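Chemist:
In our numbering, the protein residues as written are 114 to 387.
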């Protein structure tokens, strides 16, 4: 081999070795880069200090109040003087509570006492209460005012209608209540008197009871006189003040003055009319 060929090969070897070494050094010195994340998925961290721009407005806080519970109101019916309302509780034979929270006392009648604080339970009182429950409890009734709105206890004084039937009258006709009207609230007095006459004649309900004489209602105040037929209804009138036995009997049968029949035999003022 010639010396020149040897030198050429040696030079070529060094050149190749130099480039290989240079490549290796370059590969080692270049820093590794992390893969890029699409900018659409990057969320900028919130700034620790935020000041709204002048064009932005901050809405005032709103405090929510709990919904108020509305008390049901009586609804006017097709009759201008009546209002419909639901009965939620029966106190006794002639008194109920309605959904407005008020208490209603039936006008023109009186049932035997069952819850009076100063009186014992009277005969036929429970039956009258049960009948009243059967008629009106949980039902929508129509209330009709006469002249007086409330009694001294704050109870509404009303006639009670259900399906065009007068509950006050039903209780009297079926022997669960006495007819007992106090002026000026006497709109249906004649109907109640007739209903009582029939119930007594048929000995229905409390009229057929052996203790009916104990239940005779006594007016708490002297009522005004009311003209009914040939005589004037006045239950405050004693037997000695009657013009005749006929008047006494009329007061008993037609005016509901049961106190004139102390022994319950159907005859008024027995001692004076023998």
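Where a beta carbon is used, it is the ideal one built from N, C-alpha and C, also for glycine.
Here the structure is a predicted model, which is why all the values come from computation and not from measurement.
Excluding the five sequence neighbours on either side, which residues of its own chain have a C-beta within less than 6 Å of the C-beta of residue 203, listed in chain order?
Modeler: Only 209, 245, 246 and 250 meet the Cβ criterion.
Chemist: Where do the ends of the alpha helix (DSSP H) carrying residue 260 lie?
Modeler: From DSSP, residue 260 is part of no alpha helix (DSSP H); its letter is neither H nor E.
Chemist: Checking the sheet assignment: what are the DSSP bridge partners for residue 292?
Modeler: Answer is 222, bridged to residue 292.
Chemist: Run the CB neighbour count on residue 227, radius 10 Å, all protein chains shown included, and call it buried at 16 or more, exposed below.
Modeler: Residue 227 is buried by the Cβ-count criterion.
Chemist: Start and end of the beta strand (DSSP E) containing residue 237?
Modeler: Where residue 237 is concerned, there is no enclosing beta strand (DSSP E), given that its DSSP letter is neither H nor E.
Chemist: Are the CB atoms of residue 197 and residue 188 nearer to each other than 8 Å?
Modeler: Against a cut-off of 8 Å, the Cβ pair of residue 188 and residue 197 comes out as a contact.
Chemist: Applying the 10 Å Cβ sphere with the 16-neighbour rule, what's the burial state of residue 356?
Modeler: With fewer than 16 Cβ atoms within 10 Å of its Cβ, residue 356 is classed as exposed.
Chemist: Does the distance from the C-beta atom of residue 195 to that of residue 274 stay below 8 Å?
Modeler: The answer is yes: Cβ separation under 8 Å.
Chemist: Going by DSSP, what residues sit across from residue 253 in a beta bridge?
Modeler: Paired residue(s): 199.
Chemist: Use the C-beta contact count for residue 318: other C-beta atoms within 10 angstroms, 16 or more gives buried, fewer gives exposed.
Modeler: That one is buried.
Chemist: Look at the Cβ atom of residue 256, then the Cβ atom of residue 264, and state whether they are nearer than 8 Å.
Modeler: Not a contact, by the Cβ cut-off of 8 Å.
Chemist: Should residue 154 go down as buried or exposed, given a rule of 16 or more other Cβ atoms within 10 Å for buried?
Modeler: Confidence is the limiting factor: at residue 154 the pLDDT is only 43, short of 50, which leaves the residue's position unreliable and the question unanswerable from this model.
Chemist: I'd like the span of the beta strand (DSSP E) that includes residue 306, first residue to last.
Modeler: That residue, residue 306, is in no beta strand (DSSP E); its alpha helix (DSSP H) goes 302–314.
Chemist: Using the Cα positions of residue 254 and residue 207, report the straight-line distance between them to the nearest angstrom.
Modeler: About 14 Å.
Chemist: Output the distance between the C-alpha atoms of residue 311 and residue 299, rounded to the nearest integer angstrom.
Modeler: Cα to Cα, residue 311 sits roughly 19 Å from residue 299.
Chemist: Evaluate residue 374 with the Cβ neighbour count: other Cβ atoms within 10 Å of its Cβ, from every protein chain shown; 16 or more gives buried, anything less gives exposed.
Modeler: Buried, by the Cβ-count rule.
Chemist: With residue 275 as the anchor, note down where its beta strand (DSSP E) starts and where it stops.
Modeler: Here the beta strand (DSSP E) through residue 275 covers 269–275.
Chemist: Excluding sequence positions up to five away, which residues of its chain have a Cβ less than 6 Å from the Cβ of residue 381?
Modeler: Answer for residue 381: 361, 362, 365, 373 and 374, listed in chain order.
Chemist: Taking the straight line between their C-alpha atoms, what separation do you get for residue 213 and residue 252?
Modeler: The alpha-carbon atoms of residue 213 and residue 252 are separated by roughly 14 Å.
Chemist: By DSSP, does residue 374 sit in helix, in strand, or in coil?
Modeler: Coil at residue 374, not helix or strand.
Chemist: Using only CA atoms, which one of 294, 262, 305 and 308 lies nearest to residue 347?
Modeler: Residue 347 has its Cα closest to that of 294, out of 294, 262, 305 and 308.
Chemist: When you compare only the Cα positions, how much space is there between residue 193 and residue 272?
Modeler: About 14 Å.
Chemist: Is residue 270 close to the ligand SAH? I mean its beta-carbon at under 7 Å from any heavy atom of the ligand.
Modeler: You won't find the ligand SAH in this model; it holds no ligand whatsoever.
Chemist: At the level of alpha carbons, what is the spacing between residue 358 and residue 215?
Modeler: Roughly 44 Å separates the two Cα atoms.
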